[in-house]
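Under the working numbering, the first residue of the sequence shown carries the number 745, and numbering increases by one thereafter. Even for Gly, the Cβ is constructed at its ideal location relative to N, Cα and C. One structure is given here, and the rest of the page talks about it.
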Amino acid sequence: MAEQDGIQMLLRGSEMHLDDAVVQAGVMGVISNLSVDDEIEQTIATAGGIEMLIRAAQAHRTDAKVQARVVRALTNLSVHESNKERIASAEGLQTLLDAAAAHLESAEVHAGVVGALRNLSVAPRIAPMLVSAGGIEVLIKSAKKHGTNMVVQAGVAGAFKNLAVDAAYRQQILDAGGLVVLDLAAGYHKTNERLVAIIDEAKANLRGEMRDPNKAEESSSSGGDTTSRQKSKKKGKKLALASAPASDEPGVPSQRAQASQRGPAPSVRAAGKLTQSFGGLSRRRAPSKK
């Protein structure tokens, strides 16, 4: 199934039965599960999988199961740099925001949405699109509605951490109540050291207390890395690489991560869902069955 022919067969089946929510939920579930693998992720993308995911979501806007599986797959696919551009240019960004609005009560849908937004927010060209489309407001609503869900809170904090390297976005997040929701999340999850660390990093970026961009260090395994240019001579490891585009001040480079490489990462289980982050980016597995 992981081979090109198998992916094509899945996508053809989805296209032939686009109006059938049961078929779409099944196909999108398989794609979301397969997309946790690096090589298969790219096979899905080059075969037109991103576009098919978006068509399925648009055809079944009110079906929470279809939406949850589509956004989970988009989270996984958005780890790769070229896929970020595909998702943004194929109405994927709006599909994510629409799913969040239509399924405010679904923690599973919101976990996928904020995970994908976190991954997309590291791309300098996509971050302005995300903000202008209302992405900050969606992140705030997700954090407020699903305060006790660790996966949602990690995605929100990671996205804020990425976006806050830009002074204008930082102010928008602050004005929207970003620090308040991060403080609430820290209170809900004070025993989860990994999540609290992501939240603390996001808060530091929002206060303009970003780390030294010239200091070489390994990227965090959870939450998008936003402030340091990664350097590593270690063999056998893939680290997130950060670059330095647009600045807070004219003529002065600032730091936004453009990370897509994955390294080994811990996982966080919450409400029956398993999420992994690769190189500081989100990747989500299917909910476990009890």
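Pair within 8 Å by beta-carbon distance, residue i and residue j
i    : j    : result
A851 : H890 : yes
S876 : A903 : no
V815 : A800 : no
M753 : R813 : no
I870 : A843 : no
H933 : L939 : yes
L923 : K947 : yes
V882 : L841 : yes
I798 : E835 : yes
K828 : A789 : no
H854 : S886 : yes
8 Å CB neighbourhood of residue i in its chain, flanking five on each side removed
i    : result
G921 : I884
L918 : L950
G757 : V767, V771
A748 : Note that residue 748 is Gln in the sequence shown, not Ala. Excluding positions up to five away in sequence, the list reads T787, A791.
A845 : V882
E849 : K889
Among the options, the one whose alpha carbon lies nearest that of residue i
i    : options                : result
N949 : E881, R914, L841       : R914
A808 : Q786, L928, H847       : H847
A930 : Q916, V909, V896       : V896
P872 : T806, E849, L837       : L837
I784 : G770, A817, N936, A765 : A817
A765 : I751, S779, T806       : T806
G878 : Q916, T935, N936       : Q916
A912 : L928, M894, I880       : I880
A908 : M894, N777, E945, E937 : E945
S779 : M894, L928, I751, A845 : I751
A910 : G952, M894, D782, L928 : Here residue 910 turns out to be Asp, not Ala, going by the sequence shown. D910 has its Cα closest to that of G952, out of G952, M894, D782, L928.
Contact set for residue i: own chain, Cβ-Cβ below 7 Å, skip 5 residues either direction
i    : result
L755 : A791, G792, G793, M796
Q786 : H824
T892 : Y932
D763 : A803
L874 : L837, L861, L864, S865
R830 : A789, I794
L928 : G891
Contacts around residue i, its chain only, beta-carbon distance under 6 Å, and the 5 residues preceding and following it disregarded
i    : result
H761 : V767
T935 : none
T839 : I798, A801
E759 : none
D781 : none
Residue i beta carbon near the ligand FAD (any heavy atom closer than 7 Å)
i    : result
A817 : What this structure holds is no ligand at all, so the ligand FAD is not there to describe.
8 Å Cβ cutoff, residue i in contact with chain D
i    : result
R869 : Included in the structure is just one protein chain, with no chain D present.
Which ranges does the alpha helix (DSSP H) cover as unbroken runs of at least 4 residues, wholly within the segment 875–942, from first to last along the chain? 879–889, 894–907, 911–919, 922–932
In the segment 746–770, which residue ranges form an unbroken alpha helix (DSSP H) of at least 4 residues, counting only runs that do not cross its ends? 748–760
Residue ranges of each alpha helix (DSSP H) run of no fewer than 4 residues wholly in the segment 772–845, ordered along the chain? 782–790, 793–803, 808–821, 825–833
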